[in-house]
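Asks:
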Amino acid sequence: MKATVSSKDLARLLATAKGLVERKAEQPALRNVLLQAEGTEVRLRATDLETTYIGACAAMVDEAGELCLPAHKLAEAAKALPAENAHLTAEGPDLVIEAAKLRYLLRGLDPVDFPAALEDDTRAVPLEAQALAGALNRVIFAAAKEDTRYNLAGVRLEVREDNADLLLRMVATNGHVLCLCDLDLDPADNAMALLEEFKAGALLPNRAAKAMLGMLPKEGEVTLGLGRDWTTLRVNGDLLRVRNPECDFPDYDKVIPSRPPLQAIVPRQKLVQVAKRVALIEGGRERRLTLKFSEGLLELSAANPDLGEAREHLEIEWPRGEMTLGLNARYLLDVCGALSSEEISLGIKDEHSQVTIAADSEGDSRFLGIIMPMRL
190 MKATVSSKDL
200 ARLLATAKGL
210 VERKAEQPAL
220 RNVLLQAEGT
230 EVRLRATDLE
240 TTYIGACAAM
250 VDEAGELCLP
260 AHKLAEAAKA
270 LPAENAHLTA
280 EGPDLVIEAA
290 KLRYLLRGLD
300 PVDFPAALED
310 DTRAVPLEAQ
320 ALAGALNRVI
330 FAAAKEDTRY
340 NLAGVRLEVR
350 EDNADLLLRM
360 VATNGHVLCL
370 CDLDLDPADN
380 AMALLEEFKA
390 GALLPNRAAK
400 AMLGMLPKEG
410 EVTLGLGRDW
420 TTLRVNGDLL
430 RVRNPECDFP
440 DYDKVIPSRP
450 PLQAIVPRQK
460 LVQVAKRVAL
470 IEGGRERRLT
480 LKFSEGLLEL
490 SAANPDLGEA
500 REHLEIEWPR
510 GEMTLGLNAR
520 YLLDVCGALS
530 SEEISLGIKD
540 EHSQVTIAAD
550 SEGDSRFLGI
560 IMPMRL
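Numbers 190 to 565, taken from this note's numbering, label the letters of the sequence shown in order.
(1) Are residue 515 and residue 469 close, meaning C-beta to C-beta below 9 Å?
(2) Based on Cα-Cα distance, which residue from 498, 527, 317, 505 lies nearest to residue 487?
(3) Which ranges does the beta strand (DSSP E) cover as unbroken runs of at least 3 residues, wholly within the region 511-560, from first to last along the chain?
(4) Which residue spans inside the region 440-520 form an unbroken alpha helix (DSSP H) run of at least 4?
(5) Counting only runs of 3+ residues fully inside the region 201-256, write out the beta strand (DSSP E) ranges in chain order.
(6) Output needed for residue 348: all residues of its chain with C-beta closer than 8 Å, excluding positions within five of it in sequence on either side, in chain order.
(7) What do you get for residue 208, buried or exposed, if any count of 16 or more other CB atoms within 10 angstroms of its CB means buried?
(8) Terminal residues of the continuous beta strand (DSSP E) containing residue 313?
(9) Quick check: residue 263 and residue 222, are their CB atoms within less than 9 Å of each other?
(10) Hey, out of 339, 405, 213, whose CA is closest to residue 326's CA?
(11) In the DSSP assignment, what are the bridge partners of residue 195?
(12) To the nearest angstrom, how far is it from the Cα of residue 493 to the Cα of residue 344?
(13) Report back the beta-carbon spacing between residue 279 and residue 286 to the nearest angstrom; my notes put them in contact at under 8 Å.
(14) Within its chain, find whatever has a CB closer than 7 Å to the CB of residue 324; leave out the 5 residues flanking it on each side and keep chain order.
(15) Identify whether residue 565 lies in helix, strand or coil by the three-state DSSP scheme.
(16) Would you tell me roughly how many angstroms separate the C-alpha atoms of residue 228 and residue 411, rounded to the nearest one?
(17) Just grab the DSSP bridge partners of residue 279 for me.
(18) From residue 455 to residue 362, what distance separates their C-alpha atoms?
(19) Please report the distance separating the alpha-carbon of residue 350 from that of residue 442.
(20) Can you list, in chain order, the stretches of the alpha helix (DSSP H) that have 4 or more residues and sit fully within the region 332-406?
(21) Output the distance between the C-alpha atoms of residue 555 and residue 201, rounded to the nearest integer angstrom.
(22) Go ahead and pull the three-state DSSP assignment for residue 299.
(23) From which residue to which residue does the alpha helix (DSSP H) around residue 263 run?
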């Protein structure tokens, strides 16, 4: 291998790739990336066997070849390169990187040990990159961590029919908070076939969802592929391929009320500011907030037996008398942070039922957050 590539492009590819590579993976090859030079480009492949990233950038290739190299150390080296271009040269299984007066030599493995690429079975639909990134960011924080509940450790993708419209729904929950966001699909773009083939949906694991967010550009169109076994994302010449895990996602429709009988209209930014100030005093792991609704007012309070207590109120629209319930402060702030509208609607059935959080403004209207109450 002998090639010249933009240092910035190489660093970009490796920034995404290293997120999929475990430093202590049992198979030594899985701690590495496969670097290939051929034709007019340099390609890079990283995988944990469940998720694979394939990226490419333009290069001047004098001699084709491939190397299997340590992902994280190569990413660090690429990020540190002092010159605009990097010269890559193979020395047996090792790689020499030269830029300006800097020279790295990284030890590699036999490329034969790196897992072979697999084919996917997905149907592709075009989406605006900004819309896809916005939907993912609105829900991903609600996903469970990998070490708690595996079937909740990611973002569920579904294709749904809503009257005459087709929707791509993204849902995430850890059992205490749930967020969902819908994106419109064009029926002409494979979406009708997807409705039949993708009824079961798929879970996009946390690591894959974060890699997807890292790939998405600020503007332009990307291609999302959905299938029985795989989910893919194509951005220009880059590909993310995710194996759909076999797991049962809970029937979340059961916790979504058709329309809560009581609606409180609350200024979002004001609620966030008050919640942050009051929650400071609680300081515990649960960060319990008490919300007391009364005519025209919402009082937030928190107490800690060792530190003291705090309370503050704000003006709201509320249709009835007093009601008091408890919510986790972090979940309340996270859901409010997923919205951008000036006012939000808190849907409440009673003190012991889940609270829905939504907004009517364009851009937020396809989002719904649900928080389970805490015992006071």
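Cβ coordinates follow ideal geometry from the N, Cα and C atoms, glycine included. Nothing here was measured: the structure is a model prediction, and the numbers come from that model.
Replies: Straight from the coordinates:
(1) Numbered from 1 along the sequence shown, position 326 holds the residue referred to as residue 515. Numbered from 1 along the sequence shown, position 280 holds the residue referred to as residue 469. The answer is no: Cβ separation not under 9 Å.
(2) What you label residue 487 is simply residue 298 of the sequence shown in a count that begins at 1. If we check each option's Cα against that of residue 487, 505 comes out closest.
(3) 512-517, 532-537, 544-547, 556-560
(4) 457-468
(5) 221-227, 230-236, 240-252
(6) As a first step, residue 348 must be located in the sequence shown, where it is residue number 159. 355, 356, 357, 358, 374, 380, 383, 384, 387, 388, 390, 415, listed in sequence order.
(7) Your numbering for residue 208 matches position 19 in the sequence shown. Residue 208 should be labelled buried.
(8) In the sequence shown, the residue the question calls residue 313 occupies position 124. 312-317 is the span of the beta strand (DSSP E), which, as asked, contains residue 313.
(9) Within the sequence shown, residue 263 is the residue found at index 74, counting from 1. Within the sequence shown, residue 222 is the residue found at index 33, counting from 1. The answer is yes: Cβ separation under 9 Å.
(10) Reading the sequence shown from its first residue, position 137 is the one you call residue 326. Taking only the C-alpha atoms, the option nearest residue 326 is 405.
(11) For this step, residue 195 is matched to residue 6 along the sequence shown. DSSP lists 274 as partners of residue 195.
(12) Working through the sequence shown from its first residue, we reach residue 493 at position 304. Working through the sequence shown from its first residue, we reach residue 344 at position 155. Their Cα atoms are separated by approximately 34 Å.
(13) Here residue 279 refers to the residue found at position 90 when the sequence shown is read from its first residue. Here residue 286 refers to the residue found at position 97 when the sequence shown is read from its first residue. With a Cβ gap of about 11 Å, residue 279 and residue 286 do not count as contacting.
(14) Residue 324 sits at position 135 when you count from the first residue of the sequence shown. Around residue 324: 359, 370, 372.
(15) Along the sequence shown, read from residue 1 onward, the residue named residue 565 stands at position 376. Here residue 565 sits in coil by DSSP.
(16) Start at 1 with the first residue of the sequence shown, and residue 228 comes out as number 39. Start at 1 with the first residue of the sequence shown, and residue 411 comes out as number 222. Whole-angstrom Cα-Cα distance: 25 Å.
(17) As a first step, residue 279 must be located in the sequence shown, where it is residue number 90. The partner list for residue 279 (beta bridge, DSSP) reads 284.
(18) Along the sequence shown, one-based indexing puts residue 455 at 266. Along the sequence shown, one-based indexing puts residue 362 at 173. Between residue 455 and residue 362, the C-alpha separation is close to 24 Å.
(19) Translated into the one-based positions of the sequence shown, residue 350 becomes position 161. Translated into the one-based positions of the sequence shown, residue 442 becomes position 253. Residue 350 and residue 442: Cα-Cα distance of roughly 15 Å.
(20) 381-386, 395-404
(21) Counting from 1 along the sequence shown, the entry for residue 555 is found at position 366. Counting from 1 along the sequence shown, the entry for residue 201 is found at position 12. Distance between the alpha carbons of residue 555 and residue 201: 32 Å.
(22) On the sequence shown, residue 299 is found 110 positions in, with the first residue counted as 1. It is coil, neither helix nor strand.
(23) Here residue 263 corresponds to residue number 74 of the sequence shown, with the count starting at 1. 260-269 is the span of the alpha helix (DSSP H), which, as asked, contains residue 263.
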